[in-house]
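The sequence shown begins at 0 in numbering that gives the first Met the number 0 and counts up one residue at a time.
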Amino acid sequence: MVETGHFALVLAFALSLVQMLVPLYGARVGNQKMMAVGGPVTVTGFALTALSFAALASAYAGSDFSVASVWENSHSLQPLIYKITGTWGNHEGSMLLWVLILTFFGTLVAVFGSNLPATLRANVLAVQGAIGCAFFLFILATSNPFIRLNPAPIEGRDLNPILQDLGLAIHPPLLYLGYVG
0 MVETGHFALV LAFALSLVQM LVPLYGARVG NQKMMAVGGP VTVTGFALTA LSFAALASAY
60 AGSDFSVASV WENSHSLQPL IYKITGTWGN HEGSMLLWVL ILTFFGTLVA VFGSNLPATL
120 RANVLAVQGA IGCAFFLFIL ATSNPFIRLN PAPIEGRDLN PILQDLGLAI HPPLLYLGYV
180 G
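1. His90 lies in the alpha helix (DSSP H); which residues open and close that run?
2. Give the straight-line distance between the Cα atoms of Arg27 and Thr102, rounded to the nearest whole angstrom.
3. Counting beta carbon pairs with one atom in the stretch 74-94 and one in the stretch 29-49, are three or more of them shorter than 8 Å?
4. Just mark Ala140 as buried or exposed, buried being the case when its beta carbon has 16 or more other beta carbons within 10 Å.
5. Is it true that the CB of Met0 sits closer than 8 Å to the CB of Ala49?
6. Measure from the alpha carbon of Leu47 to the alpha carbon of each residue in Leu76, Ala11 and Ser57, then state which is nearest.
7. Does the separation of the CB atoms of Ser65 and Leu8 fall below 8 Å?
8. Closer than 7 Å by C-beta to Ala56: which residues in its own chain qualify, once you throw out the five before and the five after it? Chain order, please.
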């Protein structure tokens, strides 16, 4: 599942390039078909990002210590709620959560923005694609949450005890909803 998540992340990056370039060029030359590409590409990019995040959360829930971020931030005896919140309790996972929320808001524009002028909608989705492209590139180049350890450790190092609190478990998602939204 981890490789699936990594592959989905790479595909989401590629789609963010398409989302950035095609609708923007279509808006510039007045091509309706090119502007219309933005919507389906945005929704597909969100689905791939959600798959990637779900794969990472699954690795945390299943204590897959062959994944470096899981090994560094989880333990097999940890309660399930803190295994799941450990997904965003580190730099790599929180960056993936950030881009997940970003692509979610782009999807809202793609799905519910049909009342916007086509040029405006294409430009908004292109800007969302550019921001997403930067985040995906940063994650893949410097903060990849899917790096494998070989050989896999038997046990994880555990989540920082300060982060093992329900308030701090919901804090990052709510904070990112405010930042990105």
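From the three backbone atoms N, C-alpha and C, an ideal C-beta is built for every residue, glycine too.
Judging by the given coordinates:
1. His90 to Phe111
2. 23 Å
3. no
4. exposed
5. no
6. For Leu47, the closest alpha carbon among the candidates Leu76, Ala11 and Ser57 is that of Ala11.
7. no
8. Ile83 and Thr86
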